[in-house]
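Encoded as structure tokens, the structure appears first; notes follow it.
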Amino acid sequence: MPRYWIETFGCQMNVLDSEAMAGLLTKMGYEKARSPEEADIILINTCTVRQKPDEKAFAYLGEFGKLKQKKPHLILGVTGCMAQRESDIIKARAPYVDLLLGPRSIHRLPDLIRTVQEQRRFVEYLDLYDDPVPPDLVVRNSDLFAYVTIIHGCNKKCTFCAVPTARGPEKSVPPDIVLEQVRQLIDLGYREIILLGQNANAYGHDLPPINGKRPDLAWLLERVDELAAPAKVRIRFTTNHPNHMTDRLIEAMANLESVCEHIHLPVQSGDNEVLRRMWRGYTVERYLSIIERLREKVPGIAIATDVIVGFPGETEEQFRNTLRLMERVGFDQAFMFAFSLRPNTLAATFPDQIPEPVKKRRLQELIALQNEIQQRKNEREVGQVVEVLVEGPSEKNPKKLSGRTRTNKTVVFEGNPDWRGKFVFVRTTKAYLWGFEGEPIGEAKQPSEPAMELLAIL
């Protein structure tokens with residue numbers, strides 16, 4: 016049986032795209048290889064948000080190119096955002112690549128593979144307006160957690176970001192398709208479902224009205240909760256834009272049993288002038304008001320964010336404003352980056368690019384501050400009893416179990432290996448930057464019913 020290997024970089028959307036491509040390859044009669052050396056087809060699913068993933072992808076391409084010299088029949092493909100945005104560069108630097116496929120066209124993969132096999136020629140498909148509906152069969156990487164795309168693309172025009180030119184305009188997945196996927200995953204026994212979008216909370220703006228009202232993410236979460244809550248399945252959604260964080264959505268988070276008390280809400284900068292030049296469309300004050308409402312309505316909510324330092328023209332005082340924001344909000348988690356110049360973005364043309372040593376120093380200072388904040392927050396939660404979804408043995412200590420809370424924090428504790436996939440109450444006993452150690456005090460209520468049939472809502 017022929018074998019495939021998929022190397023994945025980047026966000027959760029890319030993880031789901033890779034799972035979908037694995038499903039398509041399985042339908043074609045391929046099985047997953049144990050290593051790239053065993054594979055008959057290798058796909059590199061790429062990210063182009065920052066320069067580092069680009070460089071890493073080209074490094075892998077070089078290694079796989081050497082492998083292709085030894086195995087002429089090997090099909091080597093590049094998929095994802097870098098394939099969409101940098102096809103000419105890929106073809107110039109890696110002329111041995113057989114196919115390029117954009118993220119909005121992954122269902123075209125079987126046709127491209129057959130063309131390469133039959134005609135032994137290079138092929139590419141990079142349509143940003145292609146049908147984004149995912150294939151029916153997805154080979155999931157986990158039997159506990161599953162991703163469901165609810166909206167493709169991005170309509171924002173942030174000056175630093177390459178995603179809109181890589182993934183195309185926003186297109187919401189029709190609710191009946193989303194709900195059917197959720198129902199199937201619940202019936203298969205998945206314990207947590209993550210609804211995905213570049214701007215998940217922009218969901219529905221392009222959909223037709225249902226019963227006289229246009230559906231939005233709050234509406235969708237209500238429908239999903241009707242399926243998930245009776246089956247005790249957790250629901251998360253990511254990632255989100257502050258401009259779509261409505262009161263209706265916050266109320267849904269507060270009131271729906273299945274929706275976790277956790278949100279990823281990128282702020283990017285703590286300075287209004289930098290936000291203006293980023294074209295983010297909100298102010299620090301507006302962002303802080305959203306945080307205030309979230310914490311008022313959803314007690315104990317964990318808030319994660321993204322932050323960029325060293326944006327072109329960022330002064331030392333503007334950077335200090337970002338540090339002040341971090342202190343004021345007290346994020347539970349932060350993904351922090353130095354500004355990475357992306358070709359064909361507006362920020363790439365801005366004057367006053369910040370020197371690399373300055374960006375590096377600011378990033379190190381930001382990380383150090385966030386580590387202090389995160390440690391303090393976790394220490395305040397020691398002694399609490401939390402519900403943990405047990406994922407299996409801890410990577411750091413296989414003799415112990417590891418799982419995550421509803422607030423997406425890791426807890427490691429001693430317990431029965433048979434608890435994998437179950438909800439367990441654990442008292443936290445020691446805090447770390449990464450999460451907690453704890454002691455189990457009993458099993459939580461477990462799911463007892465299959466998913467309800469879809470309601471007649473459409």
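Using the working numbering, read the sequence shown as starting at 16 and increasing by one per residue. Cβ coordinates follow ideal geometry from the N, Cα and C atoms, glycine included.
First through last residue of the beta strand (DSSP E) which encompasses residue i
i	result
Ile278	277 to 279
Leu416	416 to 420
Ile209	207 to 212
Arg251	249 to 253
Thr298	Thr298 -> no beta strand (DSSP E), and no H or E assigned at all.
Tyr19	18 to 23
Phe160	160 to 167
Pro455	450 to 458
Tyr140	138 to 140
Val426	425 to 428
Element boundaries [alpha helix (DSSP H), containing residue i]
i	result
Gln348	Counting along the chain, Gln348 falls outside any alpha helix (DSSP H), though it belongs to the beta strand (DSSP E) covering 348 to 353.
Glu133	124 to 134
Asn270	262 to 270
Leu384	371 to 395
Gly38	27 to 42
Residue of the options minimising C-alpha distance to residue i
i	options	result
Gly285	Val405, Val322, Asp191, Val93	Val322
Trp20	Leu236, Val154, Thr337	Val154
Leu280	Thr261, Ser273, Glu272, Ile382	Thr261
Gly212	Arg108, Asp191, Arg18, Val178	Val178
Leu384	Gly398, Pro366, Val427, Arg339	Arg339
Glu300	Glu311, Asn287, Glu266	Asn287
Asn255	Cys169, His122, Ala161, Thr63	Cys169
Phe451	Asn431, Pro432, Asn423	Asn423
Phe79	Val112, Val193, Cys96, Ala246	Val112
Gly183	Leu210, Val193, Tyr144, Cys176	Tyr144
Ile388	Arg343, Asp202, Leu124, Pro370	Arg343
Leu235	Glu311, Arg310, His220, Cys176	His220
Gly440	Tyr447, Thr420, Pro432	For the sequence presented, residue 440 should be read as Phe rather than Gly. Ranking Tyr447, Thr420, Pro432 by Cα distance to Phe440 puts Thr420 first.
Assigned exposure category for residue i - 16 Cβ within 10 Å defines buried
i	result
Pro118	buried
Gly457	exposed
Pro224	exposed
Met36	buried
Tyr205	buried
Pro358	exposed
Arg136	exposed
Thr444	exposed
Met16	exposed
Arg292	buried
His167	buried
Glu331	exposed
Gln66	exposed
Ser187	buried
Leu88	First, the residue type needs correcting, since residue 88 is His and not Leu in the sequence shown. Burial call: exposed.
Glu468	In this predicted model, Glu468 has a pLDDT of only 36, less than 50, meaning its place in the structure is not dependable; the value taken from the coordinates is given anyway. Exposed.
Through-space distance from residue j to residue i, alpha-carbon basis
i	j	result
Val30	Glu70	19 Å
Gln99	Leu76	16 Å
Glu139	Pro189	28 Å
Glu272	Ala233	13 Å
His277	Arg129	43 Å
Cys26	Asp32	10 Å
Leu114	Thr61	13 Å
Gln333	Ile305	21 Å
Arg376	Gly328	16 Å
Thr164	Thr253	10 Å
Ile265	Ser157	29 Å
Gly485	Gly453	This structure cannot settle anything about residue 485, because the visible part of the chain is limited to 16 through 473.
Glu34	Thr23	10 Å
Lys81	Glu133	23 Å
Gln196	Leu222	18 Å
Glu478	Pro257	Because the chain is modelled from 16 through 473, residue 478 falls outside the range shown and cannot be assessed.
Gly325	Leu303	22 Å
Pro230	Ala217	10 Å
Pro372	Val239	47 Å
Leu307	Gly92	The sequence given here has Glu at residue 307, not Leu. If you take the alpha carbons of Glu307 and Gly92, they lie about 46 Å apart.
Ala446	Gln390	7 Å
Beta carbon proximity, residue i to chain B, threshold 8 Å
i	result
Gln27	This model lacks chain B altogether, as it is built from one protein chain only.
If we count Cβ pairs, one from each stretch, closer than 8 Å, do we get three or more for the stretch 391 to 411 versus the stretch 296 to 311? no
Can you find at least 3 beta carbon pairs, one from the stretch 40 to 51 and one from the stretch 90 to 105, that sit closer than 8 Å? no
Is it true that the stretch 426 to 438 meets the stretch 387 to 399, where meeting means three or more beta-carbon pairs spaced less than 8 Å apart? no
Count Cβ pairs between the stretch 335 to 351 and the stretch 54 to 73 that sit closer than 8 Å; are there 3 or more? no
Evaluate contact between the stretch 353 to 367 and the stretch 415 to 430, counting only Cβ atoms and requiring at least three cross-stretch pairs below 8 Å. no
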